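Asker:
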Ligand SMILES: CC(C)(COP(=O)(O)OP(=O)(O)OC[C@H]1O[C@@H](n2cnc3c(N)ncnc32)[C@H](O)[C@@H]1OP(=O)(O)O)[C@@H](O)C(=O)NCCC(=O)NCCS
Ligand SMILES: [Zn+2]
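Residue numbers (the numbering used here): 10 to 228.
#1: Helix, strand or coil: how does DSSP classify residue 88 here?
#2: Cutting at 6 Å between CB atoms, please list the residues of its own chain near residue 94, excluding the five before and the five after it.
#3: When you compare each of 124, 123, 143 to residue 132 by their alpha carbons, which one comes out closest?
#4: Which value, in whole angstroms, describes the spacing of the CA atoms of residue 50 and residue 190?
#5: Using only the heavy atoms of ligand 2, determine whether one of them is closer than 7 Å to the beta carbon of residue 81.
#6: Alpha helix (DSSP H) containing residue 192: first to last residue?
#7: Thinking C-alpha only, which one of 42, 145, 58, 172 is nearest residue 30?
#8: Quick one: does the C-beta of residue 165 sit closer than 7 Å to a heavy atom of ligand 3?
#9: Is the separation between the beta-carbon of residue 178 and that of residue 139 shorter than 8 Å?
#10: With DSSP as the reference, please indicate the residues paired to residue 109 in a beta bridge.
#11: Given 8 Å as the limit, is there contact between the stretch 206-213 and the stretch 159-169, that is, 3 or more CB pairs closer than that?
#12: For residue 61 versus residue 27, is the C-beta distance shorter than 8 Å?
#13: Buried or exposed: where does residue 76 fall if 16 or more other Cβ atoms within 10 Å of its Cβ makes it buried?
#14: Give the DSSP bridge partners of residue 207, in chain order.
#15: With DSSP run on the structure shown, which of helix, strand or coil describes residue 19?
#16: Measuring alpha carbon to alpha carbon, tell me which residue in 36, 122, 89 is nearest residue 167.
#17: Using a Cβ-Cβ cutoff of less than 7 Å, which residues in the same chain neighbour residue 127 once the five nearest sequence positions on both sides are dropped?
#18: For residue 226, tell me which candidate among 65, 38, 73, 107 has the shortest Cα-Cα distance.
#19: Skipping 5 residues on each side, what residues in its chain have a beta carbon closer than 6 Å to that of residue 12?
#20: For residue 178, name the three-state secondary structure that DSSP assigns.
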């Protein structure tokens, strides 16, 4: 069995004093965010990783060693990595999520924006068969967010990111979540419930069936 922990927190749980536990790179990234909400989401994501891994390793959260090096350019804006575990962080609107597994994991949460012009974004991110399915959806913003999070979860598990969106085909929003076309190996995909107005999905690169334990992060 493929066990994955998913932790959710609300952005309001972030506190300025958490900054003290961030490493130098994280403090620089924190300072560079202009909007308070972006600062809070980033800070809470880092804090969740540090505190939850610290608790597992019996270490103070500031002592947890994290690597954020981007494999493409070397800057510290890549997928967060730590020895001995697989991690994925996602934030959107009110929510910050963290997945912890043993096989590579990808977590994606998106606030559903009912004002967004779905067709434009969908044309750039969905495959032709997905676009045809989306055209039949009653609630297009929700259907698109379901597609997006399923695809993005997989691409966050591989580390590829949004560049690969059109190369992946997943099942339609009214179908159970599965990957229909992809050049990679075995993958497990799950939709997650976060809150009203949000879509979220989890992908794990493994042939083993998935067992997800979901919990609220408490500070
Ligand atoms: C990175 C990316 C996957 C984030 O998606 P998003 O929906 O905007 O944001 P999310 O909140 O869901 O995810 C952000 C988290 O993903 C993680 N992340 C960053 N790059 C990642 C990647 N390539 N793969 C998986 N996870 C990644 C980080 O942990 C980040 O959180 P943190 O920096 O606060 O710790 C997406 O923006 C993307 O694909 N960007 C382009 C990737 C790229 O071009 N990389 C090369 C740059 S030189
Ligand atoms: Zn980069």
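Note that beta-carbon positions come from the ideal geometry of N, C-alpha and C, so glycine has one too.
As the structure is a computational prediction, the values presented were derived from the model and not from experiment.
Answerer: Here's the rundown:
#1: The answer is coil: DSSP assigns residue 88 none of H, G, I, E or B.
#2: Beyond the five residues adjoining it in sequence on each side, residue 94 comes within less than 6 Å, by CB distance, of 109 in the same chain, given in chain order.
#3: The shortest Cα separation from residue 132 among 124, 123, 143 belongs to 143.
#4: Roughly 32 Å separates the two Cα atoms.
#5: Flag set: Cβ of residue 81 near ligand 2.
#6: Residue 192 -> no alpha helix (DSSP H), and no H or E assigned at all.
#7: When each option's Cα is compared against that of residue 30, the closest is 58.
#8: Questions concerning ligand 3 fall outside what the structure shown contains, since the ligands it does hold are ligand 1 and ligand 2.
#9: Yes, the Cβ-Cβ distance between residue 178 and residue 139 is below 8 Å.
#10: Bridge partners of residue 109: 14, 96.
#11: Yes, since at least three Cβ pairs between the stretch 206-213 and the stretch 159-169 fall closer than 8 Å, the two stretches touch.
#12: For the pair residue 61 and residue 27, the CB atoms are not nearer than the 8 Å cut-off.
#13: With a threshold of 16 other beta carbon atoms within 10 Å, residue 76 falls short and is exposed.
#14: For residue 207, which the question treats as bridged, DSSP gives the partners 120.
#15: Taken through DSSP and simplified to helix, strand or coil, residue 19 comes out as strand.
#16: Cα-wise, what sits closest to residue 167 is 89.
#17: Answer for residue 127: 149, 150, 153, listed in chain order.
#18: Comparing Cα positions, the closest option is 107.
#19: Short of 6 Å from the beta carbon of residue 12, and not among the five residues preceding or following it, lie these beta carbons of its own chain, in chain order: 220.
#20: Looking at residue 178 - three-state DSSP - the assignment turns out to be strand.
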